[in-house]
Ligand SMILES: Cc1cc2nc3c(=O)[nH]c(=O)nc-3n(C[C@H](O)[C@H](O)[C@H](O)COP(=O)(O)OP(=O)(O)OC[C@H]3O[C@@H](n4cnc5c(N)ncnc54)[C@H](O)[C@@H]3O)c2cc1C
Ligand SMILES: Cc1cc2nc3c(=O)[nH]c(=O)nc-3n(C[C@H](O)[C@H](O)[C@H](O)COP(=O)(O)OP(=O)(O)OC[C@H]3O[C@@H](n4cnc5c(N)ncnc54)[C@H](O)[C@@H]3O)c2cc1C
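Below you can see the structure in the form of structure tokens.
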């Protein structure tokens, strides 16, 4: 076991999302894992961190000038991360892969002179160096990238590992520390968080994703029905979102997913879309066109009308589960 | 209104992309402008048109073939192009790329003040989405990232961004770095006159020395990461294709159940 210290960003501190549990699991495999937060963790959160072997949570105390939602601004999160690294002499910082977290990771790495790996699908130690593995070019190449600086900052994709609690839970202490935040050059005018559809996992984190495209012709009912039968998240192609049929799309410029199973219905499989889902372990497609490009990257596919195929599949799965 | 737009030269995403000796293969046949930088050019042109005056300068850090990205910018209406090209820049990581772009902006800014740098939301090869943030940090300017809507008034830019299930309105004063999302606008199609003019339009080429870049801050020498390996993924097995004759949904469910995916 090395004596490395690995910090995991916990933001927000009101819940521990699956992606954070994955980061904690990776952190433990690299060294001593600790968490960093910008707000007070709840009792439930502390219990969950304890179950994952985290003894210390570093809670940044922010200057009074940072108000309300401003604590979510990347510059503020970065300042807290950099201060936490200096305070703990940490070697590695792990954050989830969201756009806001990428910005914070970049700024923290800039402040620390640290090397940065974005979108790692795995992190390991190789001859004492931190190595991030990445799935690039729409999932068609595997690369491994070693960080050559003393401190390594990595953003890690969801589903990189299966979250593993420790055998015996530990008790978790919160330690406050002062984080200096430079004057913010950006004003936060407003911030609204989209409420999550209750009962459905988030698209980024889901183990199973069902996505609908132009081939739904505007009716996402069958897509949502199959998703709910599977306990899956729902996604879409950009065209379907631009049509106003759904609100979140998968792809190179949308959400990147790497679930165990991706099911695409009425989606042709354009390169931009593939870029956001090709790293899925199993790809299933339903398309009325026997020549649909998505079949080239699918493991299993049905040539047919999704309005017939999806409800039938949902019914069989519900019966199987019952 | 003086705007610098950063444009990256990338392999076409529809082509067979790959690595050789841990570096991305970049061939003229498959090299193109990063599509998402067309949104940046469009945003810049719209702001200059609204101001009624101004200049759009396209900048690319790339090998000599990177001129392709500048030509595309010219076709859309960019007024000036700078190719920052030097063997010393090869193998730059995020920080080296941002340092080279920052030095370019500083040199342009010394000639005449630059109001804005506009970038794409991501380069479709590296997909880091961090260069705009790092570029702003180098310049000491604010960064407004992933804009879906952009409004400029009284020397300040206000953007709306939608990312990670959060909608934010952010604003900052010029000069600043702005990255625009693919949803920000629809890039214009080049007109015939501009296409013809772009063929012969001259661009400048600047070296690392022209920008007084320290050799250990850029390129492979300055990189904080080292690519250890790059290997193609094994091809997927042939697809199991079922044609729906009334039992397609059952077959799909059976596949998932059989493979323990339910
Ligand atoms: C800069 C840029 C970025 C982009 N980024 C993204 C991105 O991140 N994500 C993304 O998804 N797209 C993105 N796009 C768009 C992308 O290029 C494609 O246009 C888009 O993915 C196509 O969506 P689709 O598959 O739903 O539609 P289509 O390509 O029109 O495909 C519809 C499919 O449905 C099938 N179909 C029709 N009826 C039925 C039926 N009844 N049952 C079953 N199948 C049926 C058809 O055979 C067809 O294959 C981007 C484009 C650009 C220019
Ligand atoms: C597959 C792959 C993985 C990589 N992983 C890493 C990594 O983990 N860590 C690391 O430090 N480096 C990494 N790199 C190197 C990095 O991609 C380059 O430094 C690159 O020039 C900038 O990063 P990006 O492509 O991710 O750009 P992004 O940050 O996605 O680019 C955003 C915008 O910045 C502008 N821009 C970016 N690059 C240029 C340019 N050269 N010229 C002009 N404008 C530009 C464009 O407007 C673009 O739309 C990787 C490269 C590849 C191809």
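Chains as they are written, first to last, in the working numbering: chain B, 1 to 322; chain H, 1 to 262. Glycine is no exception: its CB is placed at the ideal position from the N, C-alpha and C atoms. Everything numeric in this text was worked out from a predicted model, so none of it was measured.
Closer than 7 Å at the beta carbon, the chain H residues around residue 118 (chain B) = Your numbering for residue 118 (chain B) matches position 118 in the first chain. Correct list: 128, 130.
4-residue-minimum alpha helix (DSSP H) runs that sit fully inside the region 4 to 48 of chain B, ordered along the chain = 18 to 30
At 7 Å on the CB atoms, spell out the chain H contacts of residue 271 (chain B), in chain order.
-> On the first chain, position 271 is the one that residue 271 (chain B) refers to. Going along chain H in sequence order, the residues near residue 271 (chain B) (Cβ under 7 Å) are 13, 14.
May I ask whether a heavy atom of ligand 2 can be found less than 6 Å away from the beta carbon of residue 203 (chain H)?
-> If you number the second chain from 1, residue 203 (chain H) lands on position 203. No.
Name the chain H residues that come within less than 7 Å of residue 191 (chain B), Cβ to Cβ?
-> What you label residue 191 (chain B) is simply residue 191 of the first chain in a count that begins at 1. Here the neighbours are 166, 168.
Inspect the beta-carbon positions of residue 293 (chain B) and residue 13 (chain H) and report whether they are closer than 7 Å.
-> Here residue 293 (chain B) is taken as the residue at index 293 of the first chain, counted from 1. Here residue 13 (chain H) is taken as the residue at index 13 of the second chain, counted from 1. Taking 7 Å as the Cβ cut-off, residue 293 (chain B) and residue 13 (chain H) do not qualify as a contacting pair.
Give a single yes or no on whether residue 219 (chain H) has its beta carbon closer than 6 Å to a heavy atom of ligand 2.
-> For the purposes of this step, residue 219 (chain H) is taken as the residue at position 219 of the second chain. No, the beta carbon of residue 219 (chain H) sits no closer than 6 Å to any heavy atom of ligand 2.
Keeping to the same chain, check which residues put their C-beta closer than 6 Å to that of residue 293 (chain H); ignore five residues upstream and five downstream.
-> The question about residue 293 (chain H) has no answer here: the residues shown for chain H are numbered 1 through 262.
Buried/exposed call for residue 20 (chain H), threshold 16 Cβ in 10 Å = Taking the first residue of the second chain as position 1, residue 20 (chain H) is located at position 20. Exposed, since its Cβ has fewer than 16 Cβ neighbours within 10 Å.
Contacts of residue 148 (chain H) in chain B (Cβ-Cβ under 8 Å) = For the purposes of this step, residue 148 (chain H) is taken as the residue at position 148 of the second chain. Chain B residues near residue 148 (chain H): none, gap ~11 Å exceeds 8 Å.
State the DSSP-derived secondary structure class of residue 232 (chain H), mapped to helix, strand or coil.
-> Position 232 of the second chain holds residue 232 (chain H). In the structure shown, residue 232 (chain H) sits in a strand (DSSP, three-state: E or B).
Quick one, are the C-beta atoms of residue 180 (chain H) and residue 92 (chain H) less than 7 Å apart?
-> Position 180 of the second chain, counting from 1, holds the residue named residue 180 (chain H). Position 92 of the second chain, counting from 1, holds the residue named residue 92 (chain H). No, Cβ-Cβ distance for residue 180 (chain H) and residue 92 (chain H) is not below 7 Å.
Positions along the region 23 to 56 of chain H whose CB lies within less than 8 Å of some CB in chain B | 36
Residue 252 (chain H) versus residue 27 (chain H): straight-line alpha-carbon distance, rounded | Numbered from 1 along the second chain, position 252 holds the residue referred to as residue 252 (chain H). Numbered from 1 along the second chain, position 27 holds the residue referred to as residue 27 (chain H). If I take the Cα positions, the gap works out to 41 Å.
Counting only runs of 4+ residues fully inside the region 91 to 152 of chain B, write out the alpha helix (DSSP H) ranges in chain order.
-> 99 to 112
Excluding the 5 residues preceding and the 5 following residue 1 (chain B) in the sequence, name in chain order all residues of the same chain whose CB lies nearer than 6 Å to its CB.
-> Taking the first residue of the first chain as 1, we reach residue 1 (chain B) at position 1. Interpretation of residue 1 (chain B) is limited by its pLDDT of 47, a score under 50 that renders its predicted location unreliable; no figure is taken from the coordinates.
Through-space distance from residue 34 (chain B) to residue 25 (chain B), alpha-carbon basis = Here residue 25 (chain B) refers to the residue found at position 25 of the first chain. Here residue 34 (chain B) refers to the residue found at position 34 of the first chain. Approximately 11 Å between the Cα atoms of the pair.
Just tell me which of H:37, H:239, H:76, H:171 has its CA closest to the CA of residue 149 (chain H).
-> Within the second chain, residue 149 (chain H) is the residue found at index 149, counting from 1. The residue with the shortest Cα to Cα distance from residue 149 (chain H) is H:171.
Could you name the residues of the region 87 to 101 of chain H whose beta carbon sits closer than 9 Å to any beta carbon of chain B, in the order they occur along the chain?
-> 93, 94, 95, 98
Which stretch, first to last residue, makes up the beta strand (DSSP E) that contains residue 57 (chain H)?
-> Working through the second chain from its first residue, we reach residue 57 (chain H) at position 57. Looking at the DSSP string, the run of the beta strand (DSSP E) that includes residue 57 (chain H) is 55 to 61.
Report the residue from B:115, B:315, B:287, B:281 whose alpha carbon sits nearest the alpha carbon of residue 135 (chain B).
-> On the first chain, position 135 is the one that residue 135 (chain B) refers to. It is B:281 whose Cα lies nearest to the Cα of residue 135 (chain B).
Using the rule of at least 16 other Cβ atoms within 10 Å of the residue's Cβ for burial, across every protein chain shown, is residue 178 (chain B) buried or exposed?
-> Position 178 of the first chain, counting from 1, holds the residue named residue 178 (chain B). Counting Cβ neighbours within 10 Å, residue 178 (chain B) comes out exposed, since fewer than 16 surround it.
Starting from residue 220 (chain B), find everything on chain H with Cβ-Cβ shorter than 8 Å and list it in chain order.
-> Your numbering for residue 220 (chain B) matches position 220 in the first chain. Going along chain H, no residue has its Cβ under 8 Å from residue 220 (chain B), so there is no contact; the nearest lies around 17 Å.
Got a sec: is the Cβ-Cβ distance from residue 250 (chain H) to anything in chain B below 7 Å?
-> What you label residue 250 (chain H) is simply residue 250 of the second chain in a count that begins at 1. So, interface residue.
Closer than 6 Å: is that where the CB of residue 22 (chain H) sits relative to any heavy atom of ligand 2?
-> Working through the second chain from its first residue, we reach residue 22 (chain H) at position 22. Checking the Cβ of residue 22 (chain H) against ligand 2 gives no.
For residue 227 (chain B), which residues of its own chain have a beta-carbon under 6 Å away from its beta-carbon, when the five flanking residues on both sides are left out?
-> Here the question's residue 227 (chain B) lines up with position 227 in the first chain. These residues qualify, in order along the chain: 210, 234.
Exposure of residue 242 (chain B), with buried meaning 16 or more beta-carbon neighbours within 10 Å | Taking the first residue of the first chain as 1, we reach residue 242 (chain B) at position 242. Under this definition residue 242 (chain B) is an exposed residue.
Would you kindly report the start and end of the unbroken alpha helix (DSSP H) that includes residue 309 (chain B)?
-> Walking along the first chain from the start, residue 309 (chain B) turns up at place 309. Unbroken alpha helix (DSSP H) run through residue 309 (chain B): 306 to 321.
Give a single yes or no on whether residue 287 (chain B) has its beta carbon closer than 6 Å to a heavy atom of ligand 1.
-> Here the question's residue 287 (chain B) lines up with position 287 in the first chain. Under cutoff, so the answer is yes.
Check whether the Cβ atoms of residue 100 (chain H) and residue 108 (chain H) lie closer than 7 Å to each other.
-> Mapped onto the second chain, residue 100 (chain H) falls at position 100. Mapped onto the second chain, residue 108 (chain H) falls at position 108. Cβ distance not < 7 Å, so residue 100 (chain H) and residue 108 (chain H) don't count as in contact.
Can you grab the Cα-Cα spacing for the pair residue 305 (chain B) / residue 218 (chain B), in whole Å?
-> One-based indexing of the first chain puts residue 305 (chain B) at position 305. One-based indexing of the first chain puts residue 218 (chain B) at position 218. Computed Cα separation, rounded: 14 Å.
Determine the burial state of residue 121 (chain H): buried for a count of at least 16 other Cβ atoms within 10 Å of its Cβ, exposed for fewer.
-> In the second chain, residue 121 (chain H) corresponds to position 121, counting from 1. Buried, because 16 or more other Cβ atoms sit within 10 Å of the Cβ of residue 121 (chain H).
Report yes if the C-beta of residue 306 (chain B) is less than 6 Å from at least one heavy atom of ligand 1; otherwise report no.
-> Residue mapping note: residue 306 (chain B) aligns to position 306 of the first chain, counting from 1. Yes, since a heavy atom of ligand 1 falls inside the 6 Å radius drawn around the Cβ of residue 306 (chain B).
Relative to the C-alpha of residue 95 (chain B), which residue among B:88, B:106, B:87 is closest?
-> For this step, residue 95 (chain B) is matched to residue 95 along the first chain. When only C-alpha atoms are compared, the closest one is B:106.
Mark residue 187 (chain H) as exposed unless 16 or more other C-beta atoms lie within 10 angstroms of its C-beta, in which case mark it buried.
-> Here the question's residue 187 (chain H) lines up with position 187 in the second chain. Residue 187 (chain H) is buried by the Cβ-count criterion.
Which partner residues of residue 300 (chain B) appear in the DSSP bridge assignment?
-> Here the question's residue 300 (chain B) lines up with position 300 in the first chain. Beta-bridge pairing links residue 300 (chain B) to B:284, H:240.
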